[in-house]
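Undergrad: Before anything else, here's the structure in question.
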Amino acid sequence: MKDVIQTPDAPAAIGPYSQAVTFGNLVVTSGQIPLTPAGDVVAGGITEQTEQVMANLRAVLAAAGTDLDRVVKTTVFLADMAEFAAMNAVYEAHFQAPYPARSTVQVARLPRDVRVEIEVLAERH
437 MKDVIQTPDA PAAIGPYSQA VTFGNLVVTS GQIPLTPAGD VVAGGITEQT
487 EQVMANLRAV LAAAGTDLDR VVKTTVFLAD MAEFAAMNAV YEAHFQAPYP
537 ARSTVQVARL PRDVRVEIEV LAERH
């Protein structure tokens, strides 16, 4: 059975999708972009934007009954691969070894012209 996860502690979906869904003990988040819970794009560059994305992921995962320690796979979408090192420094500060599997790709454009979007797959406690 699939359940929808929604929390006011992360930005509301800006389209026909859920912040996350659960299926058994599996949690799949939608891509989180650097919007505040009020829906505003975070000011600053890739570092500030990645910090907000991680805060959003924490909030969505908490609402689903899990946390970043239970993440098994991430996908990172970057507007510019030249910003990989700065994004990676923030990313690494939020995860502990053993790190989740990860894919990172550069894309032509992201919603609201942000610099980064991250989605995760996690196990629920």
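To convert a position in the sequence shown, counted from 1, into my numbering, add 436. Glycine is no exception: its CB is placed at the ideal position from the N, C-alpha and C atoms.
Bridge partners of Ala456, per DSSP?
TA: Partner(s): Ile441, Thr465.
Undergrad: Can you pull the DSSP bridge partners for Asp510?
TA: With the sequence shown as reference, residue 510 is identified as Thr, and Asp is not the correct amino acid for it. Answer is Arg538, Val556.
Undergrad: Would you mind working out which of Pro547, Glu555, Met523 sits nearest Leu504, comparing C-alpha positions?
TA: Nearest of Pro547, Glu555, Met523 to Leu504, Cα basis: Glu555.
Undergrad: With a cut-off of 8 angstroms, do at least 3 Cβ pairs link the region 542 to 557 to the region 460 to 471?
TA: Verdict: yes, contact present.
Undergrad: Give me, in chain order, the residues of the same chain whose beta-carbon lies closer than 6 angstroms to that of Arg538; leave out the 5 immediate sequence neighbours on both sides.
TA: Excluding sequence neighbours, Arg538 sits near Thr510.
Undergrad: When DSSP builds the beta bridges, which residues end up paired with Leu493?
TA: Note: Leu493 sits in no beta bridge, so no partner.
Undergrad: With which residues is Leu471 paired in a DSSP beta bridge?
TA: Answer is Val477, bridged to Leu471.
Undergrad: Measuring alpha carbon to alpha carbon, tell me which of Gln488, Pro444, Val440, Ala518 ends up nearest Pro452.
TA: It is Val440 whose Cα lies nearest to the Cα of Pro452.
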